[in-house]
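Each residue of the sequence shown is one higher than the one before, starting from 1 at the first, in full-length UniProt numbering. Even glycine gets a Cβ: it sits at the ideal position worked out from N, Cα and C. As the structure is a computational prediction, the values presented were derived from the model and not from experiment.
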Amino acid sequence: MWLKLLLLGSVILIVAHSTFATPLGQMVLQSGDNPLPLANPHAETSGIGITTEKVLFYDLDDIQYFTPYHHPSHTFHTTIPLALGERFTPLVVIPITKPFEGIVTVQHLQPLVESYLREDDVLTRSFFGTVLLHPEDGIVNYNIEVSALVYLMREMDTKTLLLDERLSINLPAPGIGLPSLNIKTIPPHSLKDGIAGPFIARSSSGRDDNDHIELFPVYRLYTDYYRTFASGIYPLNDGKGAYKVLGKVDKEGNQMIPVPSRLYAKGSNKPLAGERAGVKDIYDIKGIPTSAGSRTYLAWRGEVNATASAIRKLEAEGAVIVGKAKTVAFASSGMVVSLSPRLVYCKVQLANDHDGFAKIEETYDHLYPFSPRGDLYQSYGSSSSGSSCALAAYDWLDFTVGSDTGGSVRGPAAVAGLYGNKPSQGLISLDGVVPLLKWTDTAGILTRSPSKFKKVLDVWYEDSQANRRHNHLPKTLLVPSDDFPGMPDNIRSIVMKTLQDIERTLGMRVEMINQTANHPHKHPDTGGFMTVDMFSQTMYAWQWKYLAEKIVQWYKSENGGRFPPVGTKFQDRWREYEDHPWTDEDFDKMKERQEKTAEWFNGMIGRDEETCSSNIYVDPFPLDTLPVYREEKLNNISESFMPRRRNPLFAYAPASISGAPEYVVPIGQVPFKSLVSGVEEMHPLSMSFIAYPGCDSMLLDFIDKLGKAGILNETKTGRTAF
Numbered sequence: 001m002w003l004k005l006l007l008l009g010s011v012i013l014i015v016a017h018s019t020f021a022t023p024l025g026q027m028v029l030q031s032g033d034n035p036l037p038l039a040n041p042h043a044e045t046s047g048i049g050i051t052t053e054k055v056l057f058y059d060l061d062d063i064q065y066f067t068p069y070h071h072p073s074h075t076f077h078t079t080i081p082l083a084l085g086e087r088f089t090p091l092v093v094i095p096i097t098k099p100f101e102g103i104v105t106v107q108h109l110q111p112l113v114e115s116y117l118r119e120d121d122v123l124t125r126s127f128f129g130t131v132l133l134h135p136e137d138g139i140v141n142y143n144i145e146v147s148a149l150v151y152l153m154r155e156m157d158t159k160t161l162l163l164d165e166r167l168s169i170n171l172p173a174p175g176i177g178l179p180s181l182n183i184k185t186i187p188p189h190s191l192k193d194g195i196a197g198p199f200i201a202r203s204s205s206g207r208d209d210n211d212h213i214e215l216f217p218v219y220r221l222y223t224d225y226y227r228t229f230a231s232g233i234y235p236l237n238d239g240k241g242a243y244k245v246l247g248k249v250d251k252e253g254n255q256m257i258p259v260p261s262r263l264y265a266k267g268s269n270k271p272l273a274g275e276r277a278g279v280k281d282i283y284d285i286k287g288i289p290t291s292a293g294s295r296t297y298l299a300w301r302g303e304v305n306a307t308a309s310a311i312r313k314l315e316a317e318g319a320v321i322v323g324k325a326k327t328v329a330f331a332s333s334g335m336v337v338s339l340s341p342r343l344v345y346c347k348v349q350l351a352n353d354h355d356g357f358a359k360i361e362e363t364y365d366h367l368y369p370f371s372p373r374g375d376l377y378q379s380y381g382s383s384s385s386g387s388s389c390a391l392a393a394y395d396w397l398d399f400t401v402g403s404d405t406g407g408s409v410r411g412p413a414a415v416a417g418l419y420g421n422k423p424s425q426g427l428i429s430l431d432g433v434v435p436l437l438k439w440t441d442t443a444g445i446l447t448r449s450p451s452k453f454k455k456v457l458d459v460w461y462e463d464s465q466a467n468r469r470h471n472h473l474p475k476t477l478l479v480p481s482d483d484f485p486g487m488p489d490n491i492r493s494i495v496m497k498t499l500q501d502i503e504r505t506l507g508m509r510v511e512m513i514n515q516t517a518n519h520p521h522k523h524p525d526t527g528g529f530m531t532v533d534m535f536s537q538t539m540y541a542w543q544w545k546y547l548a549e550k551i552v553q554w555y556k557s558e559n560g561g562r563f564p565p566v567g568t569k570f571q572d573r574w575r576e577y578e579d580h581p582w583t584d585e586d587f588d589k590m591k592e593r594q595e596k597t598a599e600w601f602n603g604m605i606g607r608d609e610e611t612c613s614s615n616i617y618v619d620p621f622p623l624d625t626l627p628v629y630r631e632e633k634l635n636n637i638s639e640s641f642m643p644r645r646r647n648p649l650f651a652y653a654p655a656s657i658s659g660a661p662e663y664v665v666p667i668g669q670v671p672f673k674s675l676v677s678g679v680e681e682m683h684p685l686s687m688s689f690i691a692y693p694g695c696d697s698m699l700l701d702f703i704d705k706l707g708k709a710g711i712l713n714e715t716k717t718g719r720t721a722f
C-alpha cells in the first residue's frame, strides 16, 4: 500500500493506492485519483465528507485498464470462502460447451482460450490468474479432464480455479490432485449461460457467513491520438440507462476512451451485440453533456436526462457506446481551420449558368480533429468530421454515428474512404438531437465495410414505415457525363472500371446523362427551384427561430445583455435574423421551392413498385475540392484533382433538398504530392448512389451485393484506405 498526498487549499487529502501482485505482473489501483468536493450518488464518502469516485484505473502488463464499481455486472453467492485475496481480483470467466465425447480435454479448452485472446483486444493473459469455468449448456453436467487444468496452470499461469458444481474433475486415480492449483466450487447457475470475458472480482462476507461475489466490467483504455472525441464515456449499469464521462487523459493530454471486452457479447442474440460505436456530440445520451461543438450550447443545454431514441435503438440491439465524437459548432458546415477561397466556396445554384458562389465557413470551439490519412494534415470536412476521423483511425471502433443535413456524413465519408449515408428524410426519429433544419436533418452512420454498413443500418431503420420494400434491383445507373472529359486518366479508369464491374456482375446498364443540357437552370429565376444559397439561408433562419433565439435570449439574461461568444458565422447570421426574423410566409415560400425541386429531381430517378427506385443515380464525389488540407495557406496554393466541377448540380444538394437517400462508398485511391510531407501520398476516391425517397433498403441490398462480389471492399485504418 502506498499513499499519495494532494494539497487542496489548506486541506491535505490522503489518497490510497493499493498495489498487489497478479500472476503476470503488478496491478495498481488508483481508486482515489479524482477526489470530488461534493456528494455524488456514484461515489464513496470518507468520514470527513470528501468523496472519491467508484472507479479503478490500473495497469496490467503495460496495458491501461479501467473498471467502474458503481454497480456490478454480475453477482453470486457461495457458502465456501473463495479466498480471492485482495479486495479486487482480475478474473476471466469461460463458459464450456459439452463436447461430443462427453469430457472436456486440453484439445477443447486450449483452442477456446486462444480464440478468446485472438478475438478480444481487452482480455490478456494477466486475467488468467483466476479462472471461473461454468457450463454453457444449462443443466448439463459433465467432466473436465486433468489435462485441461494442467494447461491452465502451465501455459496460462492459473493459480485459482472457480468451478461450477455441474463440472467435475476427472482424476486419473483416487487421491491424485493438483496441489499447485487452488480449486473452489461455486453453486450451479451462479452465472447466466454464456457469460464470458475478463472481470474484476470483489469478495465480501455477508451476515449469513456466505461469500458475496461481485463481478465488475473491464475496459481497456485507448488513447485518442487524433483528437477525434469530445469525451470517452461508459454506462453506469444502474438500470436507468445513465452514462458517465470518463474524464481521463494520457500524459500528453489526449482523451482516453474506455472500450469493453468483446466477449461480453458472447451468447447474446442481439444483432449488434458488442459492436463499438462513437456518437456525434449532437445526440443526447443520459448523464453526458451535449455540447454540439459549442461552449455556449453546452452551458445553455444543462443536464441531459434522457437518451435520444435513435441511440436507444442502437443500445437495445446490443451496440456499445464508447464516446462522443467532436462536431463543428451547432452541427453546421465546416471544412478547414481557416477559410480558403478555393475550398470554402460552392455554387449558389442547384443548377445555374453562371459562377455564383456562397461561402461555406467553419466554426470549432474545440481543436479540429486530425486526419489519420495520407500526410496526417488533411481536413475531413463538415460537422461529422470527428465521427469520420475516429473510424478511419482506430480499428477498435466498429462504426460511428453522424448526422447529415447538407452533406455532413457524406463529405467526411468520401474524404476518409469510408461508407457513409444520408438516409431518406424521416426514416428515423430525431428527438434528442440538436436540430439544424428539420426539413432535411437525417441520422446516418459511417463504417469501413459494406457488410457492416448493411448490418447496422438494416437494424437501425427496420421499424421505419418510410423504408419501402423492393423485389429486385433497378436495371439502370444514371451517370452524369459532364465531368468525365476533365477527369485525370487514373481517376477516370477507377470510376469506369467500377461502373463496368457493376454492369457485368449485376446485369445493369449505365446511361450517361448530360446535366448541363438536361436541367432546369435555363428557366427564369431557376423556375422556382431552390438553390444552394436559398437552402443555406433557410437552414440558418430555421435554426435561429427554433433554437438559436432561445440560446441568445438566455445568454443575454445571464450576462448583462451580452451576445454569446460564438463564431463570426453565427454572429453575423444570428444578428441578421434577430433584426429581420423570417415569417411563416417566408418559410412557406422556401418550402414550396424545396418541394418543386424535389419533385423534379426525384422524377428523374423515378419510382417503381418492383425495384422501389426506377434508376440509381451515380455521382463520383467532387474531385474539384480534393485534396483538402486543414488550413487556408495550403489550400490556396494546392492543385485539386480536377480544376472545376462542370456538373451544374452542386454535390450533396440534390439529395438534401429532395429528401432522397444518398449512400457514399469508397472505390479506390489515387496518389497526390503532399505539400506537407513532401512525398507522394494516397487519397481515397469515392462515389455516391442516390435512389428514390424511401428506397434505402434497396440501396443497402445493392451495396451489399457489390461487396460480396468484391467490387466494393473493406477499408483499413491509418494512412491508406486500401
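Cβ-based neighbour list, residue i, same chain, cut-off 8 Å, excluding 5 preceding and 5 following
i, result
"R607", "S613, S614, Y692"
"R295", "D365, P565"
"N467", "S424, L427, Y461, G694, D696, S697"
"V670", "P488, N490, I491, I494, F641, M682, H683, L685"
"D624", "S640, F641, M642, P643, R644, R645"
"V150", "V106, L178"
Exposed unless 16 or more other CB atoms sit within 10 angstroms - verdict on residue i
i, result
"T290", "buried"
"L626", "buried"
"residue 723", "With the chain covering only 1 through 722, there is no way to say anything about residue 723."
"M512", "exposed"
"L685", "buried"
"P474", "buried"
"F641", "buried"
"L263", "buried"
"Q255", "buried"
"F100", "exposed"
"P581", "exposed"
"H470", "buried"
"D579", "exposed"
"N305", "exposed"
"K550", "exposed"
Residue i (DSSP reduced to helix, strand or coil)
i, result
"H212", "strand"
"E197", "In the sequence as displayed, the identity of residue 197 is Gly instead of Glu. G197 falls in the strand class under three-state DSSP."
"G426", "coil"
"K240", "coil"
"F88", "strand"
"T97", "coil"
"H108", "helix"
"M496", "helix"
"V415", "helix"
"V433", "strand"
"Y69", "coil"
"T720", "coil"
"N254", "coil"
Sequence-distant residues of the same chain with beta carbon closer than 7 Å to residue i, five excluded per side
i, result
"G323", "F229, S231, G232, I233, I257, G278"
"S261", "D120, V122, L123, G197, P198, V218"
"K313", "W460"
"W396", "D121, Y222, V259, R276"
Expected contact under 8 Å - CB spacing of residue i and residue j to nearest Å
i, j, result
"V495", "M682", "About 17 Å; that fails the 8 Å criterion."
"P95", "G194", "6 Å"
"L134", "D164", "Going by the sequence as given, residue 134 is His instead of Leu. Rounded, the Cβ-Cβ distance is 4 Å, consistent with contact."
Chain-order list of residues whose beta-carbon lies under 6 Å from that of residue i (same chain, five-residue window excluded)
i, result
"V55", "P68"
"W554", "W300"
"L437", "T405, M539, W542"
"L706", "L712"
"N421", "G444, Y663"
Cβ-heavy atom distance, residue i to the ligand COA, below 7 Å
i, result
"S384", "The ligand COA is not among the ligands present in this structure, which contains no ligands whatsoever."
Open item on the list: In chain order, what are the residue ranges of uninterrupted beta strand (DSSP E) at least 3 long that sit wholly in the stretch 462-487?
Closed with: 476-480
Task: Completely contained alpha helix (DSSP H) runs for the stretch 531-559, where each covers 4 or more residues - done: 532-543, 549-558
Task: Runs of alpha helix (DSSP H) wholly within the stretch 660-711 (minimum 4 residues, chain order) - done: 696-708
TODO: Quick one: which unbroken beta strand (DSSP E) runs of 3-plus residues sit fully inside the stretch 122-184? Chain order, please.
DONE: 130-135, 142-145, 160-164, 167-170
Task: Every unbroken alpha helix (DSSP H) inside the UniProt domain "Amidase" (266-333) [4 residues or more] - done: 295-301, 309-316
Task: Uninterrupted alpha helix (DSSP H) stretches inside the stretch 549-615 (no shorter than 4 residues) - done: 549-558, 568-579, 584-605
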